[in-house]
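*Asks:*
Residue numbers (mature numbering (1 follows the signal peptide of the UniProt record, and there is no 0)): -18 to -1, 1 to 250.
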């Protein structure tokens, strides 16, 4: 039930916080000649973070000439891989929810549904781990590439001590940090669901049958031994009414009771 409820939601949060991101930074270049300064240099970037395609103009503080620069790095592969996993996980979660609710009988038929579900769950768990780790590394590189202090080093005007270059606004990365968190939460959710899906497969059921069969075989072989053949029954010596059970010589010694008085009478 937790998988049905939280998997689609976590997947939505993962690809929405990453795929829908757009941000920017602002720099200030104060030249020695104030007329050549530019105090508001805005640089915008967004998903999929092909930063080498983000261009901006900066003053050179050498007349009215401006130079065209671009950010460094292409981090689209890790970002797009992460978002793709999130989208497919969301679609599969919706399809699985429909099957669980409306097609439960066909899901359990021939045990094919649980086996497919188990394999897909294992695959998505692995993909979430790889994708979240790759995107966490990619996000770290994006933060470095868009750090205002690092971007200022690209400008020729900032290499001259007579000019003042300052960062005005840094990009806000809170939503991207959230996407990484939801990526690992998705991994925990899918990995934890492996056991519950495994219980629905025939592998778990077959594993539960072997211990009782072994116990039955051991008990049957033990019952065929000598301990359960009633050695103390009718064939044994203790249950047969032997010499002590039958009235022997002591039970037939009525002659003592009869001859005693007779001999005593004759003697008198």
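Note that CB positions come from ideal geometry on N, CA and C, so glycine has one too.
1) Can you say whether residue 38 is buried or exposed, counting buried as having 16 or more other CB atoms within 10 angstroms of its CB?
2) Just to check my reading of the structure: residue -8 and residue 75 have Cβ atoms closer than 8 Å, yes? What is that Cβ distance to the nearest angstrom?
3) For residue 99, collect the residues of the same chain with a Cβ closer than 6 Å to its Cβ; drop the 5 residues on either side in sequence, then sort them by chain order.
4) Please list, in chain order, all residues of the same chain as residue 61 whose beta carbon is under 7 Å from its beta carbon, the five residues on each side excluded.
5) Going by the beta-carbon positions, is the gap between residue 128 and residue 7 smaller than 9 Å?
6) When DSSP labels each residue in this structure, what does residue 50 get in the three-state scheme?
7) DSSP has residue 6 in a bridge; who is on the other side?
8) Spatial neighbours of residue 146 within its chain, please: C-beta separation below 7 Å, excluding the five flanking residues on both sides.
9) Taking the beta carbon of residue 201 as the centre, do at least 16 other beta carbons fall within 10 Å, making it buried, or is it exposed?
10) State the Cα-Cα distance for the pair residue 108 and residue 16, rounded to the nearest angstrom.
11) Span of the beta strand (DSSP E) holding residue 139?
12) Please classify residue 91: is it buried, with 16 or more other beta-carbons within 10 angstroms of its beta-carbon, or exposed?
13) Can you find the residues in the same chain that come closer than 8 Å, C-beta to C-beta, to residue 51, ignoring five residues on each side of it along the sequence?
14) Look at residue -12 and residue 4 and say whether their C-beta atoms are less than 9 Å apart.
15) Identify which residue in 165, 14, 56 and 154 has its Cα closest to the Cα of residue 139.
16) Can you give me the C-alpha to C-alpha distance between residue 206 and residue -14, rounded to a whole angstrom?
*Replies:* Quick answer:
1) buried
2) 6 Å
3) 179
4) -1, 29, 30, 31, 117 and 120
5) yes
6) strand
7) 26
8) 12
9) Low per-residue confidence applies at residue 201: pLDDT is 47, beneath 50, and the placement is therefore not dependable enough to give any value.
10) About 57 Å.
11) It is not in any beta strand (DSSP E) - residue 139 carries neither H nor E in the DSSP assignment.
12) That one is exposed.
13) Here the set comprises 37, 38, 39, 40, 136 and 137.
14) no
15) Closest by alpha carbon: 14.
16) A caution first: residue 206 carries a pLDDT of 49, below 50, which makes its placement in the model too unreliable to give a value.
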